[in-house]
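Per UniProt numbering, the very first residue in the sequence shown carries number 1; after that it's consecutive.
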Amino acid sequence: MKSYKENWKKLIGIGVVALAALLVLIGIGMIYHEKVKKDARVEKKDRTDYQYHVAIISENPTDSFWKKIYQGAKDAGKGDQILIENFGETLSGEYSTEELMEMAIAAKVDGIIVQVSDEEAVSAQIDKAEEQNIPVITIRSDAPASKRVSFVSGNDYAIGEMYGNQINNIAQKKAEEEDRKIRVTVLLNSEERNAAPNVIFTAISETTASIASKIELTSKVIDNTGMFESEENVRDLILDTSYPDIIVCMSAVDTSSAIQCVVDYNKVGQTSIIGYYAQKDTLEGIQKGIVESSVLINPTEWGKTAEQGMNEYLKKRHISEYLTVSPELITADNIKKYTE
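Below, the structure is given as structure tokens:
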């Protein structure tokens with residue numbers, strides 16, 4: 001009997017804690033809702049009033065790349081009377097994507113744009129939002145089994161073609177100097193949750209088919225969860241006796257690692273780098289001839305495309321299931337556009 005009572009007390013205790021946690025999340029969501037309404041009144045003199053309130057959510061809302069995505073969405077939203085809020089940016093403490101979505105739903109936003117972290121957990125929140133008539137668009141990473149209305153991604157095949165064309169140009173020149181096949185290694189993102197790397201690599205293979213006899217094309221999945229892990233993996237490649245003549249990077253972290261390793265181990269001119277994104281060290285690398293070129297999915301265009309999709313859905317209740325953002329190529333010829 002005593003054991004039964006103790007178990008019952010434990011169950012009640014767990015229930016109370018769970019309820020309290022839920023109430024806290026709902027409370028924070030409602031506070032957010034009131035804050036946004038207050039901010040709207042304060043800013044009303046500086047902009048036209050908004051018709052919709054849309055939360056844009058990432059597990060790391062203060063990340064510089066993400067903030068550019070947010071800015072692109074926010075600027076586009078002004079013309080459509082949509083207030084885009086970088087949800088969670090002003091909260092003290094860290095919250096998961098799932099928790100931020102819970103708050104956004106409680107705040108009764110009109111729509112949610114979310115970068116998926118934990119697919120299973122976020123999918124449950126997406127479906128919950130849909131039940132409350134809150135449309136959700138996923139961006140950069142997807143939850144295809146959920147009830148999201150659309151997914152905004154880079155045009156993966158076009159990205160692969162862009163990489164492939166760069167490989168063609170570099171490999172042709174190197175092949176004239178070397179009496180062997182040119183070694184090309186494509187670094188695949190270990191954190192990628194979708195099929196993007198496979199599509200990109202397929203496009204690279206198809207685009208370089210015309211010089212297949214001149215190159216040795218391989219891919220390598222490396223741990224790029226952090227700068228240290230990425231640099232360790234890239235260093236091992238560079239120090240191998242059969243080091244790559246061309247390294248193709250699909251993340252900003254791997255690009256930085258490749259630049260550092262090529263410089264540290266005196267491989268400048270021997271190993272060519274095709275990078276990703278437009279961070280400072282990559283742009284400087286292009287200017288110094290360390291990096292041949294870099295593929296960029298403009299983050300502001302990513303945000304703009306997501307906002308345009310949400311605007312269409314909110315006003316017309318239909319949208320394409322997949323929206324894509326075209327890549328850009330940064331080279332020594334056009335780098336001023338990205339450094340000014």
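Even for Gly, the Cβ is constructed at its ideal location relative to N, Cα and C.
Consult DSSP for residue i and reduce its assignment to one of helix, strand or coil.
| i | result |
| --- | --- |
| Asn189 | strand |
| Leu83 | strand |
| Tyr95 | coil |
| Val149 | coil |
| Arg47 | For Arg47, the predicted structure reports a pLDDT of 44, less than 50, and the residue's modelled location is therefore unreliable. The matter cannot be settled from this model. |
| Ala55 | strand |
| Lys2 | Bear in mind that a pLDDT of 49 at Lys2, under 50, signals an unreliable position, so the model cannot answer this. |
| residue 341 | Residue coverage of the chain in this structure runs from 1 to 340, which leaves residue 341 outside it and unanswerable. |
| Ser210 | helix |
| Gly164 | helix |
| Val248 | strand |
| Val234 | helix |
| Gln270 | coil |
| Glu340 | coil |
| Glu178 | coil |
| Lys170 | It is Ile, not Lys, that sits at residue 170 in the sequence shown. If DSSP states are grouped into helix, strand and coil, Ile170 belongs with the helices. |
| Ala107 | coil |
| Gly72 | helix |
| Thr225 | coil |
| Glu89 | coil |
| Leu205 | In the sequence under discussion, the amino acid at residue 205 is Ser, which differs from the Leu named in the question. Helix, per DSSP. |
| Ala143 | coil |
| Asp127 | helix |
| Asn198 | helix |
| Val36 | Because Val36 carries a pLDDT of 47, less than 50, the predicted location of this residue cannot be relied on, and the following value inherits that uncertainty. Note: Val36 maps to helix in three-state DSSP. |
| Ile159 | helix |
| Arg41 | Because Arg41 sits at a pLDDT of 41, beneath the cut-off of 50, its placement in the model cannot be relied upon, and the following sentence gives the value as read from the coordinates. The answer is helix: DSSP assigns Arg41 an H, G or I state. |
Which residue marks the beginning of the beta strand (DSSP E) containing residue i, and which one marks its end?
| i | result |
| --- | --- |
| Glu292 | Val291 to Leu296 |
| Glu328 | Glu328 to Ile330 |
Who does residue i pair with in a DSSP beta bridge?
| i | result |
| --- | --- |
| Ser219 | Val186 |
| Val136 | Ile112 |
| Glu119 | DSSP, once it has assigned bridges, lists no residue as partnering Glu119. |
| Thr324 | Ser153 |
| Tyr276 | Val295 |
Let me know if residue i comes out buried or exposed under the rule of 16 or more other beta-carbons within 10 Å of its beta-carbon.
| i | result |
| --- | --- |
| Arg183 | buried |
| Val253 | buried |
| Gln287 | exposed |
| Thr138 | buried |
| Gly309 | buried |
| Asn266 | exposed |
| Asp142 | buried |
| Asp264 | exposed |
| Ala212 | exposed |
| Arg317 | exposed |
| Arg180 | exposed |
| Asp63 | exposed |
| Arg47 | Here Arg47 scores only 44 on pLDDT, less than 50, and its place in the model is too uncertain to base an answer on. |
| Gly160 | buried |
Just to confirm the assignment, what range does the alpha helix (DSSP H) spanning residue i have?
| i | result |
| --- | --- |
| Thr305 | Pro299 to Lys316 |
| Val253 | Ala252 to Asp264 |
| Gly285 | Lys280 to Lys288 |
State whether the region 235-245 contacts the region 173-187, with contact taken as three or more CB pairs (one from each stretch) at a distance under 8 Å. yes
Mind the definition here: the region 135-149 touches the region 118-126 only if three or more C-beta pairs lie below 8 Å; say whether that holds. yes
Taking 8 Å as the cut-off, does the region 89-102 touch the region 317-329 (at least 3 CB pairs, one atom from each stretch)? Touching, no, given that fewer than three Cβ pairs across the two stretches are closer than 8 Å.
Examine the Cβ distances between the region 71-90 and the region 46-63 and report whether three or more of them are shorter than 8 Å. yes
Inter-stretch contact (C-beta, 8 Å, three-pair minimum) for the region 198-218 and the region 265-281: With contact defined as three or more Cβ pairs closer than 8 Å, the region 198-218 and the region 265-281 are not in contact.
Pairs of beta-carbons, one from the region 163-171 and one from the region 272-282, closer than 8 Å: are there three or more? Flag = yes, the region 163-171 and the region 272-282 touch.
Count the CB pairs spanning the region 61-77 and the region 292-301 that are closer than 8 Å, and state whether there are at least three. yes
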